[in-house]
Amino acid sequence: MDDRETELSRFRQQWQAEVTARTQPTPGPSTTTTTHTARPAPFAPRRLSHREPVPESDSDDEGGAARAEFAPLQRERSTSPQATRRSAQAPASALEHYEKAVERETQGSLGESLSLYRKAFRMDAKVDSQYREKYYPRPTPGAHPTASAGAGASTSTTAAAATPASQGQPPASIAALIESFAHLAIPPAGTEDTVVYSPFTTLPHELLLHILQTLATTDIASFARCAKVCKALSYVVSTEEAIWRDVCTSAFAKMTWDWRVSVDGTPLIHRVLGGENDDSLLPPTTTTTPAVPEVEAEEIEQEEEEQRPVPDDEAHLPKYGGSWRAMFQSRPRIRFNGVYISTCNYVRQGASQSGWNTPVHIVTYYRYLRFYDDGTVLSLLTSCEPSEVVYGFSRTGVQGGGAAVVAGGAGTGVLPSAVAKYVAGGRWRIDADGRVDVETVQRGMERYLFRMQLRLGSVRSGGRWVGSRKLAWEGFWSWNRVSDDLAEFSLRNDKAFIFSRVGSIERELGLS
1 MDDRETELSR FRQQWQAEVT ARTQPTPGPS TTTTTHTARP APFAPRRLSH REPVPESDSD
61 DEGGAARAEF APLQRERSTS PQATRRSAQA PASALEHYEK AVERETQGSL GESLSLYRKA
121 FRMDAKVDSQ YREKYYPRPT PGAHPTASAG AGASTSTTAA AATPASQGQP PASIAALIES
181 FAHLAIPPAG TEDTVVYSPF TTLPHELLLH ILQTLATTDI ASFARCAKVC KALSYVVSTE
241 EAIWRDVCTS AFAKMTWDWR VSVDGTPLIH RVLGGENDDS LLPPTTTTTP AVPEVEAEEI
301 EQEEEEQRPV PDDEAHLPKY GGSWRAMFQS RPRIRFNGVY ISTCNYVRQG ASQSGWNTPV
361 HIVTYYRYLR FYDDGTVLSL LTSCEPSEVV YGFSRTGVQG GGAAVVAGGA GTGVLPSAVA
421 KYVAGGRWRI DADGRVDVET VQRGMERYLF RMQLRLGSVR SGGRWVGSRK LAWEGFWSWN
481 RVSDDLAEFS LRNDKAFIFS RVGSIERELG LS
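Going by UniProt numbering, 48 is the number at position 48 of the sequence shown; the sequence numbering is gapless.
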């Protein structure tokens, strides 16, 4: 017990001695040492991190505690080219504004540098090129001795390679020739100051109109895209009525205003020779249900059998404000560079094996129509999606989809045989009001003739209305040519046809 008290008293004495030593003033030699110690100047340039304190010698502060000072940060002196142009005066030229902007951007003053950049580009739009030419000039052609030497070496190598060949020795290998090209320099591209002009600027206006007229009658889409080239061509595309008149004449001349072929695609002789109508393949076409009076049905039949006159384009011009361009955009016409597609959906109740749930089936099927300018048409009803059909939906694709072609579809240009056998051929015609009549015969069902009556309309696309892209249903009938029965189909689930451009069809027609 006494040993513990003795040890505790000794510890207390040591602790009191240490406290007394700390509270006493610092002895003289320490002060002398501090006096003779060279302290760094407070603004001397020192590259110290702002996170590392710089300790100093003990000072005469209260408590004698050592104090750490943080040296002020000093920016390194910039050695960039723009730093050599610093001056106290405000920048005057565009290049000086640009140099000042680069300097401020280097210092981190992005707002000021952006303002200076704007001023510089307002004064000179090519000030950045002047800046590069001043501080980063392009090497002159004579400054590439290596390239010149390489060119000389390659020339000598080629000559040396040609000499043995002339003496009957084997020529140099391809690897040796390629190796001789190692030091050849690629010629630099033209500078930004090089003026590049279009040859169309020196072309006479009459010749330019002739070129655009040929383009418009060949590919109207490319002619319309010319409006994006420049303002001058945009003006020509929008206002040159002579070109649009030729476009309208060419486009509406391809319309089939009356039957040209029979349902099986055979040309009608009476349309060529001007004889009487061959109504052996024509059904009793009516626009109403079969339960119409006989007198009215006979009148309608006589009207349908009469040969339709070809509409005069000049007579329809006042309907569109006297503008041929407006006529081409708004007048009903059939498009040939794609396929009209109708997507149909309906819900069918399924059979339930238990009373806990009632399954519902969503059935989706598609109708496809492709028109040809000779008066024929292809029709298809299938559950295959457009990506599997449209690329092979053509006469050649249907003929090639025989029994040997099991697979087909996208990228092949041929319909699969399982789909091709359901393609129906037929004929079509259109009247001046935009009503389209389509008659088709399905293979294996030759006794039935199917007739669709559709109406051309507009579709809103890209914020504007595009004409002749929709075919709305007006009626759908089937005629039994053996029993002379006419039946009408319900159109409850059928939707309108929407036109879709197809690249393979445009290439087939030579439009792209």
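By construction, the Cβ of each residue, glycine as well, lies at the ideal position given by its N, Cα and C atoms.
Please read these numbers as outputs of a predicted model, since none were measured by experiment.
Ranking Ser323, Ser394, Ser330 by CA distance to the CA of Ser458 puts Ser330 first. For Cys230, there is no enclosing beta strand (DSSP E), as DSSP marks it with neither H nor E. Taking C-beta separations shorter than 6 Å and ignoring five residues to either side along the sequence, the partners of Thr440 in its chain run Ser379, Ala424, Gly426, Phe450, following chain order.
Remark: three or more beta-carbon pairs, one from each stretch, lie closer than 8 Å, so the region 362 to 378 and the region 332 to 348 are flagged as touching. Thr382 is not a Cβ neighbour of Val438, given a cutoff of 8 Å.
As for any alpha helix (DSSP H) of minimum length 4 sitting wholly inside the region 326 to 404, the runs are 386 to 389, 395 to 400, ordered along the chain. Residue environment for Val363: exposed (fewer than 16 other C-beta atoms within 10 angstroms of its C-beta). By the beta-carbon neighbour count (other beta carbons within 10 angstroms, threshold 16), Gln442 is buried. Within the same chain, Cβ atoms closer than 7 Å to the Cβ of Leu491 are found at Trp473, Phe476, the five residues on either side in sequence being excluded.
Per DSSP, reduced to three states, the secondary structure at Leu471 is strand. Around the beta carbon of Pro204, fewer than 16 other beta carbons sit within 10 angstroms, so the residue counts as exposed. Ranked by Cα distance from Leu207, the first of Thr266, Lys228, Ile243 is Ile243. In terms of Cβ geometry, Lys470 and Phe497 form a close pair [threshold 8 Å].
In terms of Cβ geometry, Tyr372 and Val389 do not form a close pair [threshold 8 Å]. By the criterion of a C-beta distance shorter than 7 Å, Ser198 is surrounded by no residue of its chain, once the five residues flanking it on both sides are discounted.
If the five residues before and after Leu114 are omitted, its C-beta is found closer than 8 Å to the C-beta atoms of Ala101, all from its own chain and listed in chain order. Around the beta carbon of Arg348, fewer than 16 other beta carbons lie within 10 angstroms, which makes this residue exposed.
For Ala251, the secondary structure class from DSSP, reduced to helix, strand or coil, is helix.
Excluding five sequence positions before and after Pro332, the CB atoms of its chain that fall closer than 6 Å to its own CB belong to Gly434, Leu456, Ser468, given in chain order. Ala90: not part of any alpha helix (DSSP H); DSSP gives it neither H nor E. Sequence-distant partners of Ser352 (beyond 5 residues in either direction) whose C-beta falls short of 7 Å from its own C-beta, in its chain, are Thr358, Pro359. Within the same chain, Ala94, His97, Tyr98, Ala101, Val127 come within 7 Å of Ala120 by CB-CB distance, once the 5 residues on both sides are set aside. Under the three-state reduction of DSSP output, Ser417 falls in the helix class. When Lys231, Arg429, Asp494 are compared, the shortest CA-CA separation from Arg260 is found for Arg429.
For Tyr235 and Leu486, the gap between their C-alpha atoms comes out near 54 Å. Take Leu268, set aside five residues on each side of it, and the residues of its chain with a beta-carbon closer than 7 Å to its own are Trp259, Arg260, Val261, Ser262, Asp278, in chain order. The residues Arg447, Tyr448, in chain order, have a CB closer than 7 Å to that of Asn480 in the same chain once the five nearest residues on each side in sequence are set aside. Leu511 carries a coil assignment under DSSP once its states are collapsed to helix, strand and coil.
Across the structure, Ser478 and Arg325 are spaced so that their CA atoms are roughly 39 Å apart.
Residue environment analysis places Thr256 among the buried positions, since at least 16 neighbouring C-beta atoms fall within 10 angstroms of its C-beta.
The shortest CA-to-CA distance from Val482 to any of Val414, Met445, Gly111 is the one to Met445. For Val459, the enclosing beta strand (DSSP E) begins and ends at 448 to 461. With respect to the 8 Å criterion, Ser500 and Pro386 are classified as neighbours on the basis of their beta carbons. Excluding sequence positions up to five before and after Asp246, its CB lies within less than 8 Å of the CB of Gln213, Ala216, Thr217, all in the same chain and listed in chain order. For Val436, no alpha helix (DSSP H) encloses it; the enclosing beta strand (DSSP E) starts and ends at 435 to 441.
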